[in-house]
Amino acid sequence: MRRLLAARAAQAVVVVAVVATVVFALIHLAPGDPFGAALESGRVSPEVRAEWRARYGLDRPLAEQYVRWIGSVARGDLGWSFSRNRPVAGALASALPNTLVLMGTALLLSIALGIAAAVLQAARRGSLVDRGSSALLLVFYSMPEFWLGLMLLLAFAYELPIFPVSGVVDPVMHEYMGTWGRFVDRVRHLALPALTLTLLLSAAIARHQRAALLDVARADFTRTARAKGLSPRAVLLRHALRNSLGTTITLLGLMFPALLGGAVIVETVFAWPGMGSLATSAIAQRDYPLVSATAIVGAVMTVAGSVIADVLGATADPRLRDA
Amino acid sequence: MTTRRLSAAALLLALAACGRGDRASGSEGDVGGTVVISTAAEPDFLLPPIILSAMGKMVSDQLFERLAEIGPKMNAMGDEGFEPRLARHWTWAPDSLSIAFELDPRAHWHDGKPVRAADVKMGFDLMRDPKVASPQAPNVAEIDSVTVRDSLTAVAWYHRRSLDQFFTAAYNVIPVPAHLLGSVDRANLKADPFVRNPVGSGPFRFVRWVPSQLVELVADTTYFRGRPKLDRVVVSIAPDPNTAVTRLLAGEADFIEVLRGEQLAQAQKDPKLQVKQYGGVDYAFLQFNLRDPKHHGRPHPVLGDRNVRVALAMALDRAAIARNVYDTLATVPFGPAPRSLGIADSTIRQIPYDSARAKRMLDSLGWRDSNGDGIREKNGVPLRFSVMVPGSSRPRQRVAVLIQEQLKGVGADVTIDQLDFNAMIAKLGTRSFDALINSWHPDPTPSSIRQTWTSEGSRTNDGSNFGSYESPVFDAQVDSAVASHDAKQARTLYLRAYQTFVDDAPAIMLYEPNLVAGASKRIRLVNLRPDAWWAGIAQWSIPAGERIDRDRIGLRPAAR
Amino acid sequence: MSATSGPWSVALRRLRRDRVAIGAAAAIVILALAALLAPLIAPYPPNAQPDIVGMATLPPSGAHPFGTDVFSRDVLTRVMYGGRVSLGVAVLSIALSITIGTAYGAVAGYVGGATEAAMMRLIDALLAVPRVLLLLLALALWGAVGLPALILMLGLTGWFGTSRLVRERVRALSRGEFALAARALGASHARVLWRHVLPSALTPVIVAATLGIGNVVVLEASLSYLGIGVRPPNASWGNIIQEGSEQIASGWWIALFPGLAILVTVVAFNLLGDALRDALDPRK
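Protein chains in written order, with the numbering used here: chain A, 1 to 323; chain Y, 324 to 883; chain L, 884 to 1167.
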């Protein structure tokens, strides 16, 4: 297990370095100055402009800029955000928890929902319930995130105004609420964006888990268990489920980037001030230090997600432990 | 002109204000409550001399008091109708080339320091200093200097007499705290902490500004003219205009400055909401860059030709465009000034909508579609340009698509460049664009046209004549109108200038909306002025019987 | 291609008996025809604004089965034209990413050793970047890009998974008896890879591509929804929805119909992909 962790950690560093390089290359390959909007503005005097160029080393050769930039990122210095007028790290620190809450909630709910649906389907394979729910799950699985988000918004914020339209908390009242009030406020705001992600993610999990369960059901050890006199349902729950969990966890590790991408779009639909909104607004405002930082944090999150999935998968499935 | 004294009516008003001020603070009667203003626009800065955005102005007007406030009749000529604010009293010099403002000794900054004449001077100096590059510098061009006569008397000195010289000093020069801004780096004023965390002198104090989320203000209970009725004003910043309106409809916000189309209809049906029409001074237009965006020394290859611009104007059915976007709530402007200023009228000759004539005109100018791709060319240059629109304005995006299709009908190819507001400002600053759909929200004086359309605004680094329209005729007409002492004569001269503008078509006027605000019914709205709906916020109130949770917070700060 | 005719003819026979697969294929054909033939069969020109005052935002009717949008344009026509862009972008970018992915995976799998390890580590890293974020970054940095650039970017960011699939198959096949025999008979590496290994390695790629088209349709729609995909006045399903999302209360039809078009397309491609995978599964 320790060897696995060390190997994955080394891999993670490589991944993040590659991402940082790709981001650097993209920004410098793109037309215009990396700090274009701020530097080109007629409102910034030529002297200030020159000073900024020097401060950010934009007057140096590209290779030197690259080494410098990687160095400062490695030291944890992410720079200054022009659009927010604050350190990049501060902007990230206020956005990251929101995204983690949204993704975490969606992940937990969809694992529970997805596996429950899969077990139900596998237990009654071929029945009307199985086929009906499979079709429904396929529809959710095929839906664009923003479209589902819009439809939920239309239904539960406009037509039946049960949930707030946007944001993490009530912009005005939250600061003045008691502990319980604050909790309820947060849950109400979380409901629709989390539901959007959950529906999409649980459809993917259920489809995969159902197939995995049926695969395991055909395997030798399940047949043995059945031969020992256990009921089909007990076999499914006790043996097949446990043995197929590993694949679902691995699946989640692989799906993590897509989940993060989905979160970016869902955050935009619901004006959820997380990493996705931060990234889209940073890109729109050409705030390059912030843009690169969000991309790097996104990569770190993805890598962390896949490491966690590997470790959990190895715990759930002993066969993977030495892989 | 001889020395003028404060009018009796204004004096009465001042006394009434003192009477209000003596009332104890607390949440009784109609004192108290929170108003959440929903918007999709974030303030740019909160220090008057460097503000460019309307939302920045709205917030800073609550924080910073003027010398005098324009009256309900919105008269900007002379000092008639002006109500005292920081200045309790003003005296014209016999030659009218200077006005002495005597400050109210009770006025104080929110940090407790009294407001002094040096603060008036600081407000003016920051606007004038080229290092600050204030976008409002042209607004105070008539003033030569502001001097300190004694600690409570500031004197504004003018280059020459003009009809709106009083307005220029009393309304446009906003005193700022000299004791806090004395040692700032003026070249980097925009990076100074003060501009995001200001100390003002107005009815509300600054509490906090959480970027892209909110700006919170709370009543200054020690405000010298009597505390505002509301406890708190929160500007809630939505990521897009749609969300901003939805917040009002969902009850998360109490006020939005403009509703239109289906959302207006929805608000009218909602028993918890009221809608209020208040005119407005905004006018929107399609502005052309007359200079080549790549080589500023040369005219624009397509739009530099006045005849091309006139033909393009002829190809646009502007009445239909206004109707599509605003239904019946907008009209096509007569000229580069809104009707509400009371000058522009139907005597101005317009370029008619006639697409057949537009085509003939382009043909005769040598713009012909010789390669059959539907787009005209002349000497190998296609009749093509891009139009910038801010991503934050849905009406303007919609107008862009309407214009695109109508111009395609006469063989002109328009690409739409939808930009973030900041990115757009940057492009405007360097004049690197072909055309844009923009709107102005002018001051209540016709002379503000200098900042936006004369050569003065195009030469200044920060002037707002982004299209570089530089017509000596127009400039001279505006100058003589501004310098005129006679209201009637001034009007004639302005009309002449507007006519020149319309004929030259440096911009095509599109619509001036008749704005409709939406608000929660519990709020008693006062004085939604066409040029500044926020002018009366300090008098808005919420009756005790209609309050909801957020009205009962009181004055206490957020528990954090 | 005698090596592949076996599994493919079996698969085809199986597919012809699969009613779901036939239904899905029919839906795809109908959508594709509607898109391809749009200039011939669409009731109106796609960008014409016949009457921006009198005909804006009309609900579905006989003359306009999907209603009109705020610019008085016919939504049905725009959904048909939007399909050209949405489906065209998806098919072309998938073709591009399959080509790159197959070439990369085949080389990696065939050469093996340290080169293969390095090549695959790079793929791991690239797979770790959320694709939407990468596209968002690239598209926004370049400003308004045309359709070819959009296709290129979607294609360039979509081949990592394919290369993994191909490399696994190629690795297994190139060490199989068949390839060894061919090498022993004197065939060159390129010939072995091209003639003997790739054809059978492509089976999973075809399935992945079918499933991938749905993904790209959704991705393009999402980008257009964010305002950085297909630019107005060109219609794509994504930007029709974006325009419609502002009218959602009074003009629900504007966002609904292109959304349904996306949904039907993606469901159909997913069903077809699943059916194809089952049909090609030798275990059955």
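Note that the Cβ used here is the ideal one computed from N, Cα and C, for glycine as well.
CA-to-CA distance, residue j to residue i, given in whole angstroms
{"i": "A/G305", "j": "A/F256", "result": "6 angstroms"}
{"i": "A/L100", "j": "A/A122", "result": "32 angstroms"}
{"i": "A/M301", "j": "A/T294", "result": "10 angstroms"}
{"i": "L/D1161", "j": "Y/I739", "result": "47 angstroms"}
{"i": "Y/A477", "j": "Y/A855", "result": "26 angstroms"}
{"i": "A/T250", "j": "A/A309", "result": "6 angstroms"}
{"i": "Y/A347", "j": "Y/G356", "result": "At Y/A347 the pLDDT is 37, less than 50, meaning the model places this residue with poor confidence; the figure from the coordinates comes in the next sentence. When rounded, the distance between both Cα atoms is 16 angstroms."}
{"i": "Y/G505", "j": "A/N98", "result": "41 angstroms"}
{"i": "Y/V438", "j": "Y/D605", "result": "33 angstroms"}
{"i": "A/V23", "j": "L/W1025", "result": "13 angstroms"}
{"i": "Y/R641", "j": "Y/A679", "result": "16 angstroms"}
{"i": "L/A1158", "j": "L/D901", "result": "8 angstroms"}
{"i": "Y/A735", "j": "A/I27", "result": "34 angstroms"}
Amino acids of chain L, ordered along the chain, whose beta-carbon sits closer than 8 angstroms to that of residue i
{"i": "Y/G714", "result": "G1110"}
{"i": "Y/D837", "result": "According to the sequence as given, residue 837 of chain Y is Asn; it is not Asp. In chain order: nothing, as chain L lies at least about 17 angstroms away."}
Residue i versus the options, residue with shortest Cα-Cα distance
{"i": "Y/N511", "options": "Y/T775, Y/K750 and Y/L449", "result": "Y/L449"}
{"i": "Y/Q591", "options": "Y/G602, Y/R719 and Y/A840", "result": "Y/A840"}
{"i": "Y/D577", "options": "Y/L596, Y/Q589 and Y/A588", "result": "Y/L596"}
{"i": "L/Y927", "options": "L/A946, L/V1049 and L/S980", "result": "L/A946"}
{"i": "A/V119", "options": "A/G262, A/V307, A/A258 and A/R233", "result": "A/R233"}
{"i": "Y/D418", "options": "Y/Y481, Y/R870 and Y/F424", "result": "Y/Y481"}
{"i": "A/R207", "options": "A/S72, A/L137 and A/I111", "result": "A/L137"}
{"i": "Y/L751", "options": "Y/R717, Y/R873 and Y/S787", "result": "Y/S787"}
{"i": "L/G995", "options": "L/G1097, L/L923, L/E1051 and L/N930", "result": "L/E1051"}
{"i": "Y/K454", "options": "Y/A364, Y/A645, Y/V471 and Y/K513", "result": "Y/K513"}
{"i": "Y/V443", "options": "Y/G703, Y/R754 and Y/V471", "result": "Y/V471"}
Contact list for residue i against chain L, beta-carbon separation under 7 angstroms
{"i": "A/G261", "result": "P1013, R1014, V1015 and L1016"}
{"i": "Y/A643", "result": "I935 and V936"}
Outcome for residue i when other beta-carbon atoms lying within 10 angstroms are tallied against a minimum of 16
{"i": "Y/W863", "result": "buried"}
{"i": "L/N1153", "result": "buried"}
{"i": "Y/W690", "result": "buried"}
{"i": "Y/R875", "result": "exposed"}
{"i": "Y/R721", "result": "buried"}
{"i": "Y/E779", "result": "buried"}
{"i": "A/I162", "result": "exposed"}
{"i": "A/G42", "result": "Here the model assigns A/G42 a pLDDT of 43, short of 50, so the residue's position is not dependable, and the following value carries that caveat. Flag for A/G42 reads buried."}
{"i": "L/S1105", "result": "buried"}
{"i": "A/A38", "result": "Model confidence at A/A38 stands at a pLDDT of 47, short of 50, so the residue's coordinates are unreliable and nothing is read from them."}
{"i": "Y/V796", "result": "exposed"}
{"i": "A/V67", "result": "exposed"}
Proximal residues of chain Y, C-beta to C-beta of residue i below 8 angstroms
{"i": "L/A939", "result": "N647"}
{"i": "A/V266", "result": "Result: empty, since nearest Cβ-Cβ is about 13 angstroms, beyond 8 angstroms."}
{"i": "L/Q1130", "result": "E585"}
Interface partners of residue i on chain Y, CB under 7 angstroms
{"i": "L/N930", "result": "E728"}
Contact list for residue i against chain A, beta-carbon separation under 9 angstroms
{"i": "L/I913", "result": "Those do not exist, as L/I913 stays about 17 angstroms from chain A at its closest Cβ, beyond 9 angstroms."}
{"i": "Y/Q536", "result": "G167, P171 and P273"}
Closer than 9 angstroms at the beta carbon, the chain Y residues around residue i
{"i": "L/S1107", "result": "Those within 9 angstroms of L/S1107 in chain Y number zero; the least Cβ separation is about 12 angstroms."}
{"i": "L/S1133", "result": "G584, E585, Q586, A588 and Q589"}
Per-residue contacts from residue i into chain A (C-beta, under 7 angstroms)
{"i": "L/G1097", "result": "S142"}
Beta carbon proximity, residue i to chain D, threshold 8 angstroms
{"i": "Y/V359", "result": "Going by chain labels, chain D is absent from the structure shown, which instead holds the protein chains A, Y and L."}
Contact the stretch 128-138 of chain A vs the stretch 1105-1116 of chain L: 3+ CB pairs below 8 angstroms: Counting Cβ pairs under 8 angstroms, fewer than three are found: no touch.
Stretch pair the stretch 799-808 of chain Y + the stretch 480-488 of chain Y: three plus CB contacts closer than 8 angstroms: Contact between the stretch 799-808 of chain Y and the stretch 480-488 of chain Y is present, because at least three Cβ pairs lie under 8 angstroms.
Stretch-stretch touch, CB-based, cutoff 8 angstroms, three pairs: the stretch 821-828 of chain Y with the stretch 509-524 of chain Y: no
The stretch 550-559 of chain Y in contact with the stretch 145-163 of chain A per 3-pair CB rule at 8 angstroms: no
Cβ contact (3+ pairs, closer than 8 angstroms) linking the stretch 1000-1018 of chain L and the stretch 1138-1155 of chain L: no
Touch test, the stretch 187-207 of chain A against the stretch 235-247 of chain A, Cβ-Cβ under 8 angstroms, three pairs minimum: no
Touch test, the stretch 165-182 of chain A against the stretch 263-275 of chain A, Cβ-Cβ under 8 angstroms, three pairs minimum: yes
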